[in-house]
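All remarks here apply to the structure that follows.
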Amino acid sequence: MAQISSSNRSSSRGRGGPFARVRERLLRLAGALGLGLTTAAGSPAAAQAPAQPVPQHWISYAQMTGNQFQAWLSDPDSETVQRLHAWMQERMLQEGPAVPPAPLIVRVWVGQAGKVERLEFASLGQPQVDEDLRALLTAQPLSEPPPPDMRQPMVLQLELSFVAKG
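Under the working numbering, the first residue of the sequence shown carries the number 1, and numbering increases by one thereafter.
Printed below as a string of structure tokens:
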């Protein structure tokens, strides 16, 4: 009996480690997609209900979409991108020490033709900035449509980094 409680204590200590936190974050993101991820060392509850791995073609499509969004958000020739980045710079200056902006989590629904049909994200604090972000990510279709069997929405983490003015 003492051995069981001892192992329970050591496993609860392990859950707080950096790898466990990364695993938990991935599981939360996959849960938002309605997907399950397999992990090498899961909790006892996870062992009872086998998780289905995320198909590689879904992962590839999500990566392609994220990369395309990042390119659109970094286009130095776009007035909308310049306005968005000017707002980010102003906000960072007002908030004090130079801290990198937090990643932006977006939920994306993509139609059969590759057009972003719906986009959800937490407000950035100003209606114009939210409108600019929405316009940038929905103005043009993605280079490919989603796989027909892919569950939606995709949950993507985007980085808003500065661009040089043209």
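For glycine and all other residues, C-beta sits at the position ideal for the given N, C-alpha and C. Note that the structure is predicted; figures quoted are calculated from it, not measured.
C-alpha distance - residue i paired with residue j, whole-angstrom precision
| i | j | result |
| --- | --- | --- |
| V54 | W72 | 26 Å |
| Q157 | G66 | 8 Å |
| A139 | Q63 | 19 Å |
| Q56 | S143 | 18 Å |
| M150 | P141 | 17 Å |
| Q94 | A102 | 15 Å |
| Q152 | S74 | 25 Å |
| D130 | Q52 | 35 Å |
| F121 | A113 | 22 Å |
| Q126 | M154 | 24 Å |
| L133 | I59 | 23 Å |
| L119 | A135 | 10 Å |
| Y61 | M92 | 32 Å |
| E90 | Q68 | 26 Å |
| A86 | Q70 | 17 Å |
Burial state of residue i, where buried means 16 or more other Cβ atoms lie within 10 Å
| i | result |
| --- | --- |
| L84 | buried |
| D77 | exposed |
| P148 | exposed |
| P146 | buried |
Backbone secondary structure at residue i - three-state DSSP
| i | result |
| --- | --- |
| Q157 | strand |
| R118 | strand |
| V129 | helix |
| L104 | strand |
| D149 | coil |
Neighbourhood of residue i by C-beta, 8 Å cutoff - its chain only, sequence neighbours within 5 removed
| i | result |
| --- | --- |
| E117 | W109, V110, G111 |
| T80 | D132, A135, L136 |
Extent of the continuous alpha helix (DSSP H) run through residue i
| i | result |
| --- | --- |
| E90 | 79-94 |
| Q63 | 56-73 |
Own chain residues within Cβ distance below 7 Å of residue i, not counting five before or after
| i | result |
| --- | --- |
| L160 | L73, M88, P101, L104 |
| S123 | D130 |
Nonlocal neighbours in the same chain, by C-beta distance under 6 Å from residue i, ignoring five residues either side
| i | result |
| --- | --- |
| K115 | P141 |
| R107 | E120, P153, V155 |
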